[in-house]
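Asker: I have a structure I would like to understand better, so I am pasting it below and will then ask my questions one at a time.
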Amino acid sequence: MSELNKLGLAQARDALRKGDVTSVELTEACLKEIDGADALGAFVHKTPEIAMERAAAADVRIKAGDAPAMCGLPIGIKDLFCTKGVASQAASRILEGFRPEYESTVSQNLADAGAVMLGKLNMDEFAMGSSNETSVYGNVVNPWRRAGDDAALTPGGSSGGSASAVAADLCLAATGTDTGGSIRQPAAFTGTVGIKPTYGRCSRWGIVAFASSLDQAGPMTKTVRDSAIMLGAMCSHDPKDSTSADLPVPDFEAMLTGDIRGKKIGIPREYRMEGMPAEIEALWQSGTDMLRDAGAEIVDISLPHTKYALPAYYVIAPAEASSNLARYDGVRYGRRAAMAKGDGITEMYEKTRAEGFGPEVQRRVMIGTYVLSAGFYDAYYNRARKVRTLIKKDFEDVFAAGVDAILTPATPSAAFGLGEMTDADPVAMYLNDVFTVTVNLAGLPGIAVPAGVNGQGLPLGLQLIGRPWEEGDLLNTAYALEAAAGFVAKPEKWW
Amino acid sequence: MLDLTFDTPKPKVIAGARQDWELVIGMEVHAQVSSKAKLFSGASTTFGAEPNSNVAFVDAAMPGMLPVINEFCVEQAVRTGLGLKADINLFSAFDRKNYFYPDLPQGYQISQLYHPIVGEGEVIVEMGEGIARQVRIERIHLEQDAGKSIHDMDPAMSFVDLNRTGVALMEIVSRPDIRGPEEAAAYLGKLRQILRYLGTCNGDMQSGAMRADVNVSICEPGAYERYQETQDFSHLGTRCEIKNMNSMRFIQQAIMVEAERQIRIVEGGGKVEQETRLYDPDKGETRSMRSKEEAHDYRYFPDPDLLPLEIEQAWVDDIKASLPELPDDKKARFMGDFGLTDYDASVLTAEVEAASYFEAVAKGRDGKQAANWVINELFGRLKKEEHDITQSPVSPDQLGGIIDLIAKGDISGKIAKDVFEIVYTEGGDPAEIVEARGMKQVTDTGAIEAAVDEIIAANPAQVEKAKQNPKLAGWFVGQVMKATGGKANPKAVNEIVSAKLGQQ
Chain S
1 MSELNKLGLA QARDALRKGD VTSVELTEAC LKEIDGADAL GAFVHKTPEI
51 AMERAAAADV RIKAGDAPAM CGLPIGIKDL FCTKGVASQA ASRILEGFRP
101 EYESTVSQNL ADAGAVMLGK LNMDEFAMGS SNETSVYGNV VNPWRRAGDD
151 AALTPGGSSG GSASAVAADL CLAATGTDTG GSIRQPAAFT GTVGIKPTYG
201 RCSRWGIVAF ASSLDQAGPM TKTVRDSAIM LGAMCSHDPK DSTSADLPVP
251 DFEAMLTGDI RGKKIGIPRE YRMEGMPAEI EALWQSGTDM LRDAGAEIVD
301 ISLPHTKYAL PAYYVIAPAE ASSNLARYDG VRYGRRAAMA KGDGITEMYE
351 KTRAEGFGPE VQRRVMIGTY VLSAGFYDAY YNRARKVRTL IKKDFEDVFA
401 AGVDAILTPA TPSAAFGLGE MTDADPVAMY LNDVFTVTVN LAGLPGIAVP
451 AGVNGQGLPL GLQLIGRPWE EGDLLNTAYA LEAAAGFVAK PEKWW
Chain F
1001 MLDLTFDTPK PKVIAGARQD WELVIGMEVH AQVSSKAKLF SGASTTFGAE
1051 PNSNVAFVDA AMPGMLPVIN EFCVEQAVRT GLGLKADINL FSAFDRKNYF
1101 YPDLPQGYQI SQLYHPIVGE GEVIVEMGEG IARQVRIERI HLEQDAGKSI
1151 HDMDPAMSFV DLNRTGVALM EIVSRPDIRG PEEAAAYLGK LRQILRYLGT
1201 CNGDMQSGAM RADVNVSICE PGAYERYQET QDFSHLGTRC EIKNMNSMRF
1251 IQQAIMVEAE RQIRIVEGGG KVEQETRLYD PDKGETRSMR SKEEAHDYRY
1301 FPDPDLLPLE IEQAWVDDIK ASLPELPDDK KARFMGDFGL TDYDASVLTA
1351 EVEAASYFEA VAKGRDGKQA ANWVINELFG RLKKEEHDIT QSPVSPDQLG
1401 GIIDLIAKGD ISGKIAKDVF EIVYTEGGDP AEIVEARGMK QVTDTGAIEA
1451 AVDEIIAANP AQVEKAKQNP KLAGWFVGQV MKATGGKANP KAVNEIVSAK
1501 LGQQ
């Protein structure tokens, strides 16, 4: 078999089980590809020794007929996941040199399922960003380029390294995390599939926290089937995370029938934003048509509080972040600033945090501190929480009316150029999350599926939003959409 | 049943330069929950361990680590609430209190601002026989303790010990119902007693397992009554909070010093600023802890890592059913069942271990006598060596044995004290000691008669006098006791002497 790195999880799994290929061969192919892809900036800590060791162990299990779901499949892990003995620094200078003594539950689950870790993937610092430009490691480059244009594009963020690595076939799949769209937006920008499960499906234990009430891990893969396989391996009830759901994890892959006849798909009118690019509008319409043609019933729905979602998100997420990031103080681990004579603890905090955090993280810490401060708490944080409740109720009402899934664009545009937004108002960047944050605020599962390309040949994605805990059903709808869209484009290798 | 009728004590009045002032005090007591593990981690809570040896990843706030509530700590808080006759909130929630300090690794303390686990309760604080102050409890919430910063190990650096980080505390908040320094100390003492009875806090103030923030304000006579009628705080003066007190003596000193400071300010035409202060026992003054610019804005908000704490009434009922007898009830029962005085009952119920000891001794015996022996002999002897009841070398069985020997007439009360000393220092069974060492008193009337006859025969003149004056019979008794080495049964000697002298 040639170009093993181009396989998806399901394909590779089947090949491994048939004995057509070994995990060592798959892993070597990926490692070689990673070494040749430094220009993408996706892998920031490579772990070839761990990879080869796990691959060899996986081959033994496969031979013995004892292969769990992800056995022998090489994947990348977002830098936000703590991986035992391996640098885990959330793409931040402040966690320089940090090597945890523990393994996150999700990455442990994947290892237990036989997955092979190739290394750690770049991301926006502390998962704060939509373009992967806030990373201490430098930005990630999207393997896709506009037709006839060499300009480097963003892979989106914050899971930009994961998206770029999967799209460029550096690995078979990767983990991502999604607080406001950080899986779905990069997936849409890179022609990959990314699902954020229901809040509580994946344990947050061992994942560096950004906004605890919104953060969820999820897979980023080449196909919907691959997402189903990998999500099943990532989920578990974890007593170490109080917000982890004590629910059985169904066999998501077994639920992929492609049959969505009679399913009710809601098209929310509030997502038809003013100034929406025609290509996005057209994509949404074609996605709607595809689902209708597949036998689904299309209904117009209303999610009346949608317009308040983005402001509420940009109050709640920074508020939680300002508190979650207080622990990075230079006292116990990570970077501590050099001290001048006479400096005390206050100077140590100020200098450490000033040089350890990048500007976007500092901005959000300050916003969060402000909205929680005395006199502003009710006007901002409490009001945002109320809005969140209303947004959640919008969805509950729609689902109660029989809607099975909601179709929206995943992003307001295709991937934009790196540096293009540097001087823009930060709010312009925040608008990238406009279709995705509602899902985090409501704790729902959402998936981005590549559904077409724009006029410049760049991938575009659609988002499906499902009922809580019904990822299996959501994946099946996405599977039908994927089949109908027939998205097969790949980026042309330039790196 | 407990008699709840009591008179309220008089508030402390301080004479200022211009007028009299009364004191109003509220307390926030931090009580470390007795639990093997911390509030949100499995790390040990053992006091005095090697620095930084009892630290879980979450205690050190390692990235991605999450708190998980320790159910036993919740149970202890509920038990405490029930012991203080307080409302238990079936729904409570944890909030983050944000501030930076090196011994606070998370950068926030997990506490319960908006929805505490325990609501209103009360503590009856006795200030003398039939006099007591009813102090209302406003709330009890669970929170994490901080670690310890150590500044004196190195001239340039500070060190941090995280062993205490994350240990569960109950913050027990009183209403401003305490009216003087003695009441404050008595309140703390009573709280400590109840918590120790419940087994929810060891009450050790020296190790910091119990410490208090004391809110002090002054008011004109009569103003407090208006506050009590209306619950309108504007009748009271501005309060200052004296932080982190862990000595009953210093608490009393600090209250007086702070009250006097406030009186000086107000009588001088100034205004008391609401602030937190620290008491310096060396200088005998309170000092402001931080300026206004440095005042903390704690930015409390619900902790998103923890779900609200929802408990079931049935669980609360189970805990209630398992509550031990509490000090007030025990004291009343001791007075009722054993006929003890108020004072003796108070002394014996001060510590639950002492009360249990007493009950073991008193079982099947005369309660008053048992109380005398426990309080006067045993406590006295233990105190000499600065031991507490749990270190007593004399078991309740042994002490009971001594009392039994007196009751049987085998030994006199005087000899019993000697026996007690032997048991205390050497151990052994009192009956065997008495037997083996020939300490048993002589009740053989023949032997006593012989001794009496001998004394009468040798002292004819005294006999004549005694016949005139029966009071002189005591002299003969003394002589007989001397002759028998104190072992003659005094009652028998008395009777025989009287008979022989023809007084009966």
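Order-wise, the sequence lines are chains S and F. Residue numbers for the first sequence follow the working numbering, beginning at 1 and rising by one. Residue numbers for the second sequence follow the working numbering, beginning at 1001 and rising by one. From the three backbone atoms N, C-alpha and C, an ideal C-beta is built for every residue, glycine too. Please read all numbers here as calculations on a predicted model, not as lab measurements.
1. Can you find at least 3 beta carbon pairs, one from the stretch 377-393 of chain S and one from the stretch 136-151 of chain S, that sit closer than 8 Å?
2. Taking 6 Å as the limit between beta carbons, can you name the residues of its chain near D329 of chain S, skipping five residues before and five after?
3. Below 6 Å CB to CB, which residues in the same chain sit around N1215 of chain F once its five sequence neighbours on both sides are set aside?
4. Can you tell which of F:E1258, F:D1303, F:E1273, F:Y1298 has its C-alpha closest to the C-alpha of P1281 of chain F?
5. Compare the C-beta of S1158 of chain F against all C-beta atoms of chain S and say whether one is closer than 9 Å.
6. Taking the DSSP output, what are the residues bridged to H1141 of chain F?
7. Might you give, ordered along the chain, the residues of its own chain that have their beta carbon closer than 6 Å to the beta carbon of H1151 of chain F, omitting 5 neighbours on each side?
8. What's the call for D1328 of chain F, buried or exposed, on a 16-neighbour Cβ count within 10 Å?
9. For the stretch 1194-1228 of chain F, which residues have a beta carbon sitting closer than 9 Å to at least one beta carbon of chain S?
10. Would Y1279 of chain F be called buried (16 or more neighbouring beta carbons within 10 Å of its own) or exposed?
11. Who are the near neighbours of K1383 of chain F in its chain, counting only those whose CB is closer than 7 Å to its CB and skipping five residues on each side?
12. Taking Cβ positions, are I1110 of chain F and R1096 of chain F nearer each other than 9 Å?
13. In the DSSP output, what is A1031 of chain F paired with across the bridge?
14. What do you get for T1046 of chain F, buried or exposed, if any count of 16 or more other CB atoms within 10 angstroms of its CB means buried?
15. Given that a residue counts as buried once 16 or more other Cβ atoms are within 10 Å of its Cβ, and exposed if not, what is M1439 of chain F?
16. Return no unless some Cβ of chain S is closer than 9 Å to the Cβ of M1289 of chain F.
17. For L1378 of chain F, collect the residues of the same chain with a Cβ closer than 7 Å to its Cβ; drop the 5 residues on either side in sequence, then sort them by chain order.
18. Quick one: does the C-beta of E1225 of chain F sit closer than 8 Å to a heavy atom of the ligand HEM?
19. Skipping 5 residues on each side, what residues in its chain have a beta carbon closer than 7 Å to that of I1124 of chain F?
20. Does DSSP put Q1468 of chain F in a helix, a strand or coil?
21. On the three-pair Cβ rule with 8 Å, is the stretch 67-84 of chain S touching the stretch 9-26 of chain S?
22. Do L214 of chain S and Y314 of chain S have their C-beta atoms within less than 9 Å of each other?
23. How about V331 of chain S and P1102 of chain F: do their beta carbons lie closer than 9 Å?
24. Using three-state DSSP, classify W1475 of chain F as helix, strand or coil.
25. Tell me the rounded alpha-carbon separation between Q1468 of chain F and A1458 of chain F.
26. Would you kindly work out how many angstroms separate the C-alpha atoms of Q1019 of chain F and I1265 of chain F, rounded to a whole number?
27. Just curious, the alpha helix (DSSP H) that C1073 of chain F is in, first and last residue?
28. Assuming K1195 of chain F is part of the alpha helix (DSSP H), what are its boundary residues?
29. Less than 9 Å separating the beta-carbons of A168 of chain S and E49 of chain S?
30. On the CB-based measure, 16 or more other CB atoms within 10 Å of its CB, does E1296 of chain F come out buried or exposed?
31. Taking a Cβ distance cut-off of 8 Å, strictly less, list which residues of the stretch 1047-1080 of chain F are near chain S, in chain order.
32. Is the Cβ of D1297 of chain F closer than 9 Å to any Cβ of chain S?
33. Please say whether G266 of chain S and I447 of chain S have beta carbons closer to each other than 9 Å?
34. Does any residue of chain C bring its CB to less than 9 Å from the CB of G206 of chain S?
35. Using a Cβ-Cβ cut-off of 9 Å, state whether E1421 of chain F counts as contacting chain S.
36. Is DSSP giving M1001 of chain F helix, strand or coil here?
Answerer: Let's see:
1. The stretch 377-393 of chain S, when compared against the stretch 136-151 of chain S, does not touch it at the 8 Å Cβ threshold.
2. Cβ-Cβ distances below 6 Å link D329 of chain S to Y349 in the same chain, with the five nearest sequence neighbours on each side left out; the list follows chain order.
3. G1026, R1239, E1241, listed in sequence order.
4. F:E1258
5. yes
6. F:E1171
7. Excluding sequence neighbours, H1151 of chain F sits near S1158.
8. buried
9. Flagged: no residues at all.
10. buried
11. none
12. yes
13. F:M1170, F:M1210
14. exposed
15. It counts as buried.
16. no
17. S1392, V1394, L1399
18. This structure lacks the ligand HEM; in fact it carries no ligand of any kind.
19. A1132, Q1134, D1328
20. In the structure shown, Q1468 of chain F falls within a helical segment according to DSSP collapsed to helix, strand and coil.
21. yes
22. no
23. yes
24. helix
25. 18 Å
26. 13 Å
27. 1071-1083
28. First, the residue type needs correcting, since residue 1195 of chain F is Leu and not Lys in the sequence shown. L1195 of chain F -> alpha helix (DSSP H) spans 1181-1198.
29. no
30. The sequence shown places His at residue 1296 of chain F, not Glu. Exposed is the call here.
31. F1057, A1060, A1061, M1062, P1063, G1064, M1065, L1066, P1067, V1068, I1069
32. Yes, D1297 of chain F counts as interfacial toward chain S.
33. no
34. Given the protein chain composition of this structure (S and F), no chain C is represented.
35. no
36. Its pLDDT being 40, under 50, M1001 of chain F is placed unreliably by the model, and nothing is read from it.
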